[in-house]
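Novice: What follows is a single structure, and I will ask about it in a moment.
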């Protein structure tokens, strides 16, 4: 198991989870200020969420707890000691910058030969009005007709 890959995967899953559930997570009484001075959820909440989001974390927990029983240290070791709002804002800015710097996709300089589609023949039907006359027949106002 590659630990750095696990940290990246867990970080992304946590950010996705937070983004999808931000409306209620932001109002929960689970927020604290970390030792580094930024806002993040309590370690116990993060650990519980991390073990659900990434099952491989559950396999590592016995080792991590043997090394340190301090949940804040475990969160640091897992790479989750950050403010998710700030990280999402940075990710959005980076995505916008990438979109701006991406070269425009242009159409080819010349159009290829037009594609011709085979169409079934359309039958020529003669349209008639209610009196049996064709559309090309002289139009006579209804009040001038001898029969109705």
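In our numbering, the protein residues as written are 514 to 661. For glycine and all other residues, C-beta sits at the position ideal for the given N, C-alpha and C.
Would you call the stretch 570-584 and the stretch 602-615 in contact, with 3 or more CB pairs under 8 Å?
Specialist: no
Novice: In whole angstroms, what is the alpha-carbon distance linking residue 543 and residue 563?
Specialist: 15 Å
Novice: Assuming residue 654 is part of the beta strand (DSSP E), what are its boundary residues?
Specialist: Here residue 654 belongs to no beta strand (DSSP E), and DSSP marks it neither H nor E.
Novice: Does the Cβ of residue 569 have 16 or more other Cβ atoms within 10 Å, making it buried, or fewer, making it exposed?
Specialist: exposed
Novice: DSSP has residue 546 in a bridge; who is on the other side?
Specialist: 552
Novice: Could you check which residue in 601, 599, 519, 537 has the C-alpha nearest to that of residue 566?
Specialist: 519
Novice: In terms of residue numbering, what span does the alpha helix (DSSP H) encompassing residue 522 cover?
Specialist: 516-538
Novice: What is the DSSP secondary structure of residue 618, counted as helix, strand or coil?
Specialist: Residue state for residue 618 is assigned as coil, using DSSP reduced to three classes.
Novice: Give, in chain order, every unbroken run of the alpha helix (DSSP H) that is at least 4 residues long and sits entirely within the stretch 574-610.
Specialist: 584-591
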